[in-house]
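Residue numbers (the UniProt record's numbering): 1 to 279. Beta carbons: idealized from backbone N, C-alpha and C, even for Gly.
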């Protein structure tokens, strides 16, 4: 009975120590508050923390901020802060960290609202400079619950805002170039059709059919790149028409008709969800 009682006391001590450690590492409570909650002295708390190499929540919050903004891997963070990688993974799971959670939320919502549709303007550099502080302020609000050191907070928001703005700028530039190339290809196709209509050459007809198919595919691919598959509905125009049997007059009429059309496409058209636009 004596041994069983001692074993139960040891188990109880282990459970208390585990609970104290989690409070020490997972909350922003002071040492005095933790000691009072678990009815232990601050001296005991300090001894446990020192002997077990416990880490205060403040450090974990700093690591979490980097994980949820910059997207640094647990391996990189463990090396940077001299932590055991497996233990840091355990902390990540226990505190429910989500990689790039804050930056993903910003990319989907606030950044678009802050930047608007002005990323394609000529004064892009000046525009981005004036918007950087706005992005940093939004980031600081998103990180406010972690109660970071001001110097650490400034460093993280500075780096993350640069990354977000650069990504937005690159995305806008790429979208613009994709659409530009598709429009140029379509314009050249129309020129081919108009030139060939004057000669009525069968070889020209075959070349135009091949070119038309390529331009159509280019617009479809561009639409998917710009707006994603879910937002694109490919509509086959002239479904009952055999393109190989079309003469130059028909092809020219098709080209001229598509110039006036609001749809984007070559032989087929790509309908774009009205809620989306090229940024």
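With a threshold of 16 other beta carbon atoms within 10 Å, residue 69 meets it and is buried. Note that the stretch 177–190 does not touch the stretch 154–161; fewer than 3 beta-carbon pairs, one per stretch, sit closer than 8 Å. DSSP, read as helix, strand or coil, puts residue 97 in coil. Between residue 59 and residue 77, the gap from beta carbon to beta carbon reaches 7 Å or more. Around the beta carbon of residue 187, fewer than 16 other beta carbons lie within 10 angstroms, which makes this residue exposed.
Residue 216 sits in a helix when the DSSP states are folded into three classes.
7 Å or more divides the Cβ of residue 165 from the Cβ of residue 65. When DSSP states are grouped into helix, strand and coil, residue 192 belongs to the helix group.
Measuring C-alpha to C-alpha distances from residue 135 to each of 145, 101, 152, 163 identifies 163 as the nearest. Only residues of its own chain outside the window of five on either side were considered, and among them 21, 24, 25, 48 have a CB closer than 8 Å to the CB of residue 54, listed in chain order.
According to the DSSP assignment, residue 144 belongs to no alpha helix (DSSP H), since it is labelled neither H nor E. Rounded to whole angstroms, the gap between the alpha carbons of residue 204 and residue 196 is 6 Å.
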